[in-house]
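Quick note on the working numbering: the sequence shown kicks off at 393 and runs consecutively. Ideal Cβ positions, reconstructed from N, Cα and C, are used throughout, including at glycine. Source: prediction; values computed, not measured.
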Amino acid sequence: MSSVNEDYITSYIRDIVPEKCGQLKMMEDYAHQNNVPIIEPEVGQLISVLLKLHKPKEILEVGTAIGYSALLMAQNLHGNWNITTMEKNPEMIEKALEYFQESPYGDRIRIIEGDARETFPHLTKKYDFIFLDAAKGQYMEFLRFAMDLLEPGGLIVSDNVLYKGMVASDKLVVRRKRTIVNRLREFLEHINNMQGYTSSVLPLGDGVALTFKEDLI
Ligand code: SAM
Numbered sequence: 393m394s395s396v397n398e399d400y401i402t403s404y405i406r407d408i409v410p411e412k413c414g415q416l417k418m419m420e421d422y423a424h425q426n427n428v429p430i431i432e433p434e435v436g437q438l439i440s441v442l443l444k445l446h447k448p449k450e451i452l453e454v455g456t457a458i459g460y461s462a463l464l465m466a467q468n469l470h471g472n473w474n475i476t477t478m479e480k481n482p483e484m485i486e487k488a489l490e491y492f493q494e495s496p497y498g499d500r501i502r503i504i505e506g507d508a509r510e511t512f513p514h515l516t517k518k519y520d521f522i523f524l525d526a527a528k529g530q531y532m533e534f535l536r537f538a539m540d541l542l543e544p545g546g547l548i549v550s551d552n553v554l555y556k557g558m559v560a561s562d563k564l565v566v567r568r569k570r571t572i573v574n575r576l577r578e579f580l581e582h583i584n585n586m587q588g589y590t591s592s593v594l595p596l597g598d599g600v601a602l603t604f605k606e607d608l609i
């Protein structure tokens, strides 16, 4: 599994998460068979709870992959909402579009194609929930854009921030991941010390950071 938690803790938590059915189950099977990384079940549960609590209307995601997390989020939203999701890999985009077309939520989800570092500057809408789940070494860059687009009272959720535990312990760091680990450490230091924001890092899944933008800045 990952080194963020003891395996027995992760297995236990994962075992009690209800199994998905229908399209999400099919997508999980496709992802596992084709080695597509999608959010872990326990992270999916966390996001579901956050969405029910926070009730966002405009959601931005960086890292669509096959659209699993976008459709999971869609199932946990109510009223008028839209999801904008950014992806650079054409094969992923094609597959995500197929799934979105088959879904009753498809017409409320828009994919922005291309490298998010290039497409971010074209976004003008404000968002009240932003989910970062793309290249881990680029989180600082995504964050700068995300902060500008986030409404006061909005939340940024960043996945994989402990990166198999390597971010928390030098002993776990493999050489070729050193740069990503350093960048994630810089990212976590930064979000924990930004004025006008409050962050929390959770050792769930591969590490999840929550960053809340204060209402009164
Ligand atoms: N959020 C998805 C889910 O849980 O179903 C999984 C996303 S997967 C972990 C990361 C995705 O981010 C990959 O499909 C990758 O191609 C995409 N990606 C990585 N860097 C990107 C960038 N700079 N701009 C856009 N997409 C990016």
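By the Cβ rule, the region 503-512 counts as touching the region 533-544, because three or more pairs are nearer than 8 Å. Contact between the region 563-573 and the region 513-526 is not established, with fewer than three Cβ pairs separated by less than 8 Å. Here Val565 really is in contact with Met558; their C-beta atoms are around 5 Å apart, less than 8 Å. Boundaries for Ile430: no alpha helix (DSSP H) harbours it, and the DSSP string shows neither H nor E there. C-alpha of Gly545 to C-alpha of Ile405: approximately 30 Å in a straight line.
In its chain, beyond the 5 residues on either side, Lys556, Gly557, Leu564 have a beta carbon closer than 7 Å to the beta carbon of Ser395. The C-beta separation of Met478 from Glu453 comes to about 7 Å, placing the pair in contact by the 8 Å criterion. Short of 8 Å from the beta carbon of Ala462, and not among the five residues preceding or following it, lie these beta carbons of its own chain, in chain order: Glu453, Thr456, Ile475, Thr477, Ala488, Phe492, Ile501.
With a beta-carbon spacing of about 6 Å, Leu596 and Val435 fall inside the 8 Å limit used to define contacts. The nearest non-hydrogen atom of the ligand SAM is 7 Å or more from the C-beta of Met418.
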